[in-house]
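To start, the structure under review is shown below, and the notes come after it.
Numbering (my numbering), first residue to last: 716 to 1482.
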């Protein structure tokens, strides 16, 4: 009897538990990249909308809600920066929902709040910055907005993640140039992802990380009309008109970006003093660069299903150059007039296939083709003697990159891929026949770069992330000199390059974390530094490339510690071997004439310590400020030096109202020294004002660059000679940027489209 009573009580107790408190719901919430979403709110709702139970995801994105009565519920998951996720859930005991992927939200808070509410540090160290709805993006250009993002060093000519060289810019999966980025208004951007330690899928040049732009998602028509103009004491420098359109309907999405510069006018003034044998000579140079340009990029995306995506894109660029350069050195003078119409075009195809409805694994194939043609005519006038030279170049490039991403449970990922890049560049140079300034050149460069790579990442516990990678690369370059086959060069290089990245989340609620990254990598020399074409800077200074250049090898260690959302400090150690430096030398065949040329010189060691504060000092004052100290040690045969320098950079936003404010920036550095030159300390101040009107449809941005600045001297020295150069241009520039935004339609998901490259980006080896 007692046994029967015992089992009856036990049965009733278990039945009651099952009905009132025995159920358990678990799951793993991740973002689009498979990274766990921290502090997402998980809610179980009754049919009448009342809350049955709630919970929060942990640092790895997992959650557990227990003591749930059996029954049917609505499961709701919400988190700032993501679209709400909702589904039905029947609870009867233990229910494991598995992996739940949240889509990035197209909506954000409109209230003025701190930048931290629009930023997130992922478990792998990547930084997510929301642009849409961000009050600091109102009325600004994309460059001005990026200056306020912690961890980015932004100038008018470059973007760098944590001050390292080699930062790349992407729209979705396609690399773009800084000029192409300038054409995009923040109103078109949904979010920005900063990747400090990029894997091998981004190529050999992503040594300084990646800045990735994700465009807004809109069904129907989304567009921006823009007008950007610059002027200084020499007049209007340039005016660029732009039109960005994004149209989506069903499975098809199209985007087009058109930029037109009807005319440009840049005046550059320089002063050069060379001292030799107790004598001093002054050379003054004035260069007027005039031209026009038209650039258009078109992209089309078709999604046959939720698991497939096809991207086809193309871009063209046409420019016109009409430049004149005059230099005067004592009684000697040189005038050079240059005319040309370079054109560039490219096309690409991408295919991405996910495996399974909720799978984060995918196969991605990308191939791109590029073409660049140039023809420039040079008219020289040296002390009354006229001569002419013609330069023709035809470049073709092709790349193929397939990769496979496999996602395992508990946040483990495997990436494997191969890459191939082919380049063929033919040059026909007809030099000066009378004055002998420019020699004839008939040469061709052909190169093949290919390799394979793999990386594996995983979470250890709830707060420690680790990723290890291995990259194998081979480069074959052949230089053919058709005028003197004795100058032919054939270079083959290969190597194995490991990498390791770790992150420890110390306190997720305060964004306190430690990030450590090590990378052994290589860097191929700037391609245009290999071209042996003579380019004259003034009457007694020219530049010439070097076909014998070989790759540089680096070891880089970065330790980054964030105290909280505002304060961070990091140390970077970088050692480079077989470094390429641009050196200045005397021309032995021309007394008093100098030239710059790149060479593999020796080794270099950099130790850099940085301190950053990024946040609000007051309710109206947001600042992004850096202090950096660098010790540089460099060595080449016969010469070695040690040098320390300090720099200070601050960008500030002052909010007057929700739609109006001011910006102020200061950049200064102490004297710097390299194997190539010494540069005096410098400083520059800029100020601006912005306004966002008519419900943020009309944005105005006015900037005064070079409000205060100095003219630092750049000094090069050799055996018995010294050369001092100074930029004497009008560096104070007023810039006006006006944009009008419009849209028709409702929000949908995943409308990011790539852009084709439309510029060859040729550079000459000078400094």
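Using N, Cα and C, we set each Cβ at its ideal position, and we do this for glycine too.
Quick one: what's got a C-beta closer than 8 Å to residue 745's C-beta in the same chain, skipping five residues either side? 751, 752, 776, 814, 815, 816, 817, 1075, 1126
Please state if the CB of residue 904 and the CB of residue 846 are separated by a distance shorter than 7 Å. yes
DSSP three-state assignment for residue 1335, whether helix, strand or coil: Residue 1335: coil per DSSP, three-state reduction.
In or out: residue 1155 buried (at least 16 other Cβ within 10 Å) or exposed? exposed
Should residue 923 go down as buried or exposed, given a rule of 16 or more other Cβ atoms within 10 Å for buried? Taking all protein chains shown into account, residue 923 has 16 or more neighbouring C-beta atoms within 10 Å of its C-beta and is therefore buried.
If we ignore side chains and look at the alpha-carbon of each, how far apart do residue 1485 and residue 1142 end up? There is no way to answer for residue 1485, as the model of the chain reaches only from 716 to 1482.
Measure how close the beta-carbons of residue 1423 and residue 1400 come, nearest whole angstrom, since I'm counting them as under 8 Å. 4 Å
Looking only at C-alpha atoms, which of 1390, 1280, 1223, 838 sits nearest to residue 1331? 1280
DSSP state of residue 893 mapped onto helix, strand, coil: Annotated three-state conformation of residue 893 is helix, per DSSP.
In this structure, does DSSP put residue 773 in helix, strand or coil? coil
Close-in-space but distant-in-sequence residues of the same chain around residue 1272 (CB under 6 Å, 5 per side omitted): 1233, 1288
With distances taken Cα to Cα, identify the nearest neighbour of residue 1099 among 1046, 1115, 1064. Checked all of 1046, 1115, 1064; the closest Cα to residue 1099 is 1046.
Closer than 6 Å to a non-hydrogen atom of the ligand SAM - does that hold for the CB of residue 1422? By its list of ligands, the structure shown contains no ligand whatsoever, and the ligand SAM lies outside what it can speak to.
Per-residue burial, residue 839 [other beta carbons within 10 Å of its own, 16 or more giving buried]: buried
Return yes when the Cβ of residue 1053 is within less than 7 Å of the Cβ of residue 1091, no when it is not. yes
In the DSSP output, what is residue 1350 paired with across the bridge? 1318, 1355
Under 7 Å, do residue 1164 and residue 1190 count as touching if we go by C-beta distance? yes
Would the stretch 1403-1415 count as touching the stretch 963-970 if we require 3 or more Cβ pairs under 8 Å? no
CA-CA distance, residue 990 and residue 1353? 22 Å
Look at the alpha carbon of residue 799 and the alpha carbon of residue 791, and state the distance between them as a whole number of angstroms. Taking the straight line joining both Cα atoms gives about 7 Å.
What's the C-alpha gap between residue 1333 and residue 860? 19 Å
Are residue 1215 and residue 1169 close, meaning C-beta to C-beta below 7 Å? no
Quick one: Cα of residue 1291 to Cα of residue 801, how far? One C-alpha to the other measures close to 52 Å.
Whole angstroms is fine: what's the gap from residue 1026's alpha carbon to residue 942's? 29 Å
Can you grab the Cα-Cα spacing for the pair residue 1342 / residue 1327, in whole Å? 7 Å
Would the beta-carbon of residue 1385 fall within 7 Å of that of residue 1376? no
In the structure shown, what three-state DSSP assignment does residue 877 receive? If DSSP states are grouped into helix, strand and coil, residue 877 belongs with coil.
Residue 1195 versus residue 1160 - alpha carbon distance: 6 Å
Bridge partners for residue 971 per DSSP, in chain order? 960, 1013
If you drop the 5 nearest sequence neighbours on each side, which residues of the same chain put their C-beta closer than 7 Å to that of residue 1262? 1194, 1204, 1245, 1247
Please state the DSSP three-state secondary structure of residue 1245. helix
Residue 900 and residue 1454 - do their beta-carbons sit closer together than 7 Å? yes
For the stretch 1002-1014 against the stretch 974-986, are there 3 or more C-beta pairs whose distance is under 8 Å? yes
For residue 1193, which of helix, strand or coil comes out of DSSP? strand
Closest Cα partner of residue 1020 within the set 1055, 1066, 1033: Looking at the Cα atoms, 1066 is the closest of the given residues.
How would you call residue 1372, buried or exposed, if buried means at least 16 neighbouring beta carbons within 10 angstroms? exposed
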